[in-house]
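Here's the structure, in structure tokens; my notes come after.
In full-length UniProt numbering, the protein residues as written are 1 to 301.
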């Protein structure tokens, strides 16, 4: 049990993936899940729908989990919904980690979070996320970058999500958290609404290769965010008014109406990932056997 760790060191450690040789100690994350999860269950009676769509990737491959952003509580429920079997490595604004004299940074890092510099092409954070995903970990991102309706910033879509998924060769899994937007509105008292976490179906960045190269990642992120809002509003994705939600972002609805994106299930992609890994391991084993036989033949000569 490690009580003292430099929180910046934890950003480059593993958590819940295939390689666990240098992993963040679990004790704090487990304690946080019990205490915070218990309070949230009591206060918000939260439930998780379609969690099997997240669970399917356990032990199969990494996945990039995205969510629309309406409250600070989004990240809390993104984390809680995956536990206790999985961990979501949340990408958070870098300025949060220095709050309270670094105490918040210690807490966030202990549960697997890591920082990103907002409004920049933060290659350090992108490379960290890719490494985690290649280690079969889950990474959670809020592509809007700011809470909708809670700040003066105009909501926009950050295409870095699809860049990371393409580099790591993992699916994007849309999700939403309904009810958290009612917890606290400016000038109003705190409320305790029922909260529901809901997962959608995974999306492959490669399915957008029919588009011009310069449009693919933006279009993929746009599509994935539309899926998250469809879950949030409980409507078909085609009924989500993305122009109203993102007035400064290109509307790709006509493109996808003409060229529908293939539908995938988590089980399908997880099964394919396991088969690909088994094939790779079989080839590596055969190669090792061949090399050993060749070396033995040389020795006999």
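Idealized CB from N, CA, C, for every residue including glycine.
Backbone CA spacing between residue 179 and residue 271 [nearest angstrom]: 33 angstroms
Beta-carbon separation (whole angstroms), residue 261 vs residue 207, contact threshold 8 angstroms: 5 angstroms
Per-residue burial, residue 68 [other beta carbons within 10 Å of its own, 16 or more giving buried]: buried
C-beta neighbour in chain C for residue 227, strict 8 angstroms: Judged by its chain identifiers, the structure shown contains no chain C, having just a single protein chain.
Inter-residue Cα distance where the pair is residue 53 and residue 80: 15 angstroms
Candidates 218, 140, 125 and 102: closest to residue 63 by CA position: 140
Residue from 70, 265 and 99 whose Cα sits closest to the Cα of residue 183: 70
Boundaries of the alpha helix (DSSP H) in which residue 246 is found, first to last residue: First-last for residue 246: undefined, no H or E at that position.
Unbroken beta strand (DSSP E) run spanning residue 114, endpoints: 114-116
Check whether residue 219 and residue 255 have beta carbons under 8 angstroms apart: yes
Residue of 171, 195 and 253 minimising C-alpha distance to residue 232: 195
Identity of the residue in 42, 59 and 51 nearest residue 18 by Cα: 59
Proximity winner among 107, 135, 8 and 211, relative to residue 169 (alpha-carbon distances): 135
Residue range of the unbroken alpha helix (DSSP H) whose run includes residue 131: 123-134
DSSP state of residue 269 mapped onto helix, strand, coil: helix
Option nearest residue 243 by Cα separation, candidates 28, 204, 104 and 155: 155
Residue 90 classed as buried or exposed, judged by whether at least 16 other C-beta atoms fall within 10 angstroms: buried
Alpha-carbon spacing of residue 213 relative to residue 258, whole angstroms: 18 angstroms
C-beta atoms of residue 14 and residue 20 nearer than 8 angstroms: yes
Closest by C-alpha distance to residue 109, when choosing among 249, 9 and 217: 9
Collapsed DSSP secondary structure at residue 174 in the structure displayed: strand
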